[in-house]
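Here's the structure, in structure tokens; my notes come after.
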Amino acid sequence: MVPEGWSITKLSDLADVKRGAGSQYLTYVDDPDDGIRLIRIGDFLGDNPKYVSHTPDMNRFILKKGDILIAGTGATAGITFEVPEHFEGFAFSYNAPRIRPKSSVDKVFLVNFLKSNEITKQQRSLFTGNAQPFLDTKAIGGFRISTPPLPEQRKIADILATWDAAIEKTEALLATAKDQKRALMQSLLTGKRRFPDFEGQPWKEVRLGETGTTVSGGTPDSTVASNWDGDIHWATPTDITKLTSRFIRKTARMITESGLKGSSAKLVPSGTILICTRATIGEMAIATGPICTNQGFKNLVLSDAFDSDFIFYLLQFFKKDLIRYACGSTFLELSKKDFDKRSFLMPELGEQRRIAAVLNDAEDQIAEHAQSITKLRTEKKALMQQLLTGKRRVSL
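This note's numbering puts the first residue of the sequence shown at 49, with every later residue one more than the last.
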């Protein structure tokens with residue numbers, strides 16, 4: 049049901065939708081001074097600049113401030129990207145069609161509507177079968193937009209912009225907190241910065257194999273139902289990469305006692321550091337309770353002379369060192385032998401704990417900002433659902 053005073057309008061009536069430069073127009077160059085930057089879907093979420101020759105044909109595919117790009121294909125098909133001011137003058141690629149709002153619609157209102165559940169539903173109806181999702185410009189231009197009068201659009205846009213500003217501010221705080229943690233790790237984990245109580249006390253070179261016991265993992269027979277759905281946590285690298293903190297408390301899959309005994313998986317205690325040594329090498333977490341893993345891990349059960357938080361941060365900081373020693377023709381893997389002989393300079397337990405306490409505080413601040421961002425985004429999404437459907441009207 050259309051709210052009173054609103055109308056359903058095709059996106060093509062509110063904006064100019066244009067496909068980007070195809071391969072026939074593109075000549076890639078290595079030197080940025082020899083061409084212009086080409087914005088692709090990958091640039092929506094990352095920054096891996098590619099440049100192409102600025103031929104006369106490319107003038108048809110130049111971005112302006114206020115343009116909106118939409119991912120036209122692939123796993124991220126349908127997501128939108130607001131063109132920032134510093135992207136003005138760049139070209140856009142074939143798979144990232146451009147949406148240029150007309151004067152009859154508020155740009156901020158339109159951006160938010162294109163991110164709404166209503167548009168997501170319309171996109172899903174276009175993604176059928178097993179083929180890779182693809183949105184052509186006709187389909188994009190056919191998106192149905194619920195549009196209130198322009199003054200109401202602007203009011204809705206102003207309200208949502210307030211939430212965007214709060215999210216942006218908190219994201220900046222998060223970035224600063226991450227920078228501060230990196231700086232602390234650089235100074236504390238290398239001994240460049242010492243606490244007064246520990247000045248003059250030497251650090252010693254210690255092999256990982258000397259910090260405790262390294263335990264590998266295994267996988268129970270997947271064809272035996274009685275091995276699975278028990279009460280023993282069984283971690284895979286995916287469980288680790290999904291974490292938002294340094295601790296792992298539960299796993300996606302559980303195994304039984306018979307599954308544990310019938311495989312090379314080994315139960316390790318709370319405080320063990322689980323370290324991925326295949327594929328996502330160097331990703332890690334600290335177990336908060338008894339757990340086992342598949343064979344993609346080396347699990348470090350520390351002796352009482354070492355602090356688990358300190359060792360976690362040390363290995364996190366020197367992650368590239370672990371990756372550098374991985375080898376394999378089919379896939380990279382860090383062997384138990386190579387893992388155990390990696391050595392690092394380490395202080396005594398008391399200083400380890402002091403360093404870990406400082407880094408824990410920094411990590412907690414990062415987590416607090418990340419949680420605030422999640423909360424703000426959730427609240428904004430709920431507000432969008434109300435405002436962009438007319439369920440909640442604004443006062444003009």
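The C-beta atom is built at its ideal place from N, Cα and C for all residues, glycine as well. Please read these numbers as outputs of a predicted model, since none were measured by experiment.
* Buried or exposed: isoleucine 403, going by 16 or more other Cβ atoms within 10 Å of its Cβ? -> buried
* **Local Cβ density within 10 Å of leucine 393, reported as buried at 16 or more and exposed below that** => exposed
* **Start-to-end residues for the beta strand (DSSP E) that takes in glycine 248** => No beta strand (DSSP E) holds glycine 248; DSSP gives it neither H nor E.
* Asked: If we ignore side chains and look at the alpha-carbon of each, how far apart do threonine 121 and lysine 58 end up?
  -> 21 Å
* If you check the beta carbons only, do aspartate 355 and leucine 397 fall under 8 Å apart? -> yes
* Determine the direct distance from the alpha carbon of tryptophan 54 to that of glutamate 133, and round the result to whole angstroms. => 31 Å
* **Any non-hydrogen atom of the ligand ADP closer than 7 Å to threonine 224 Cβ** => The model depicted lacks the ligand ADP and carries no ligand whatsoever.
* Cα-Cα separation, glutamine 72 to asparagine 160 -> 33 Å
* What first and last residue would you give for the beta strand (DSSP E) that runs through asparagine 347? -> 345-350
* To do: Could you check the C-alpha separation between isoleucine 118 and valine 131 for me, to the nearest Å?
  => 10 Å
* Using the rule of at least 16 other Cβ atoms within 10 Å of the residue's Cβ for burial, across every protein chain shown, is glycine 126 buried or exposed? -> buried
* Indicate whether glycine 265 and asparagine 342 have their beta-carbon atoms separated by less than 8 Å. => yes
* Residues sharing a beta bridge with alanine 335, DSSP -> Ile296
* Of the listed residues Thr195, Thr168, Gln180, nearest to valine 50 (C-alpha basis) -> Thr195
* If we ignore side chains and look at the alpha-carbon of each, how far apart do glycine 114 and phenylalanine 182 end up? -> 24 Å
* **Those residues which DSSP pairs with histidine 281 across a bridge** => Met302
* To do: Put isoleucine 127 into one of helix, strand or coil per three-state DSSP.
  => coil
* **Distance, isoleucine 87 Cα to arginine 67 Cα** => 13 Å
* To do: Report, in whole angstroms, the separation of the C-beta atoms of methionine 332 and isoleucine 339, which I expect to be a contact under 8 Å.
  => With 8 Å as the limit, methionine 332 and isoleucine 339 do not qualify as a contact, their Cβ atoms being about 13 Å apart.
* With distances taken from CA atoms, which of Asp352, Gly260, Ile329, Leu158 is nearest threonine 284? -> Ile329
* **Residue range of the unbroken beta strand (DSSP E) whose run includes glycine 260** => 260-264
* To do: Please report how far the alpha carbon of arginine 85 lies from the alpha carbon of threonine 185, in whole angstroms.
  => 23 Å
* Could you check if alanine 205 is buried or exposed, using at least 16 other CB atoms within 10 Å of its CB as the buried criterion? => buried
* Asked: Leaving out the 5 sequence neighbours to the left and right, which residues in its chain are closer than 6 Å to phenylalanine 246 when beta-carbon positions are compared?
  -> Glu399
* threonine 224 (DSSP reduced to helix, strand or coil) -> helix
* Asked: Near leucine 158, what residues of its chain come up, given a Cβ to Cβ distance below 6 Å and the 5 sequence neighbours on each side ignored?
  -> Pro149
* Kindly indicate if chain C contains any beta-carbon less than 8 Å away from that of valine 50. => No chain C is present in this structure, which holds just one protein chain.
* leucine 237 in three-state terms, based on DSSP -> coil
* Every unbroken beta strand (DSSP E) inside the segment 148-183 [3 residues or more] -> none
* To do: Could you tell me the distance, in whole angstroms, from the CA atom of alanine 144 to the CA atom of glutamine 249?
  => 58 Å
* Asked: With DSSP run on the structure shown, which of helix, strand or coil describes threonine 289?
  -> helix
* Thinking just about the alpha-carbon of each residue, which of Ser141, Gly90, Pro97, Lys98 is nearest to the one in asparagine 107? -> Ser141
* **Assigned secondary structure, threonine 121 (DSSP; H/G/I helix, E/B strand, else coil)** => strand
* Evaluate lysine 155 with the Cβ neighbour count: other Cβ atoms within 10 Å of its Cβ, from every protein chain shown; 16 or more gives buried, anything less gives exposed. => buried
* Work out the CA separation of alanine 335 and serine 318 for me, nearest whole Å. => 5 Å
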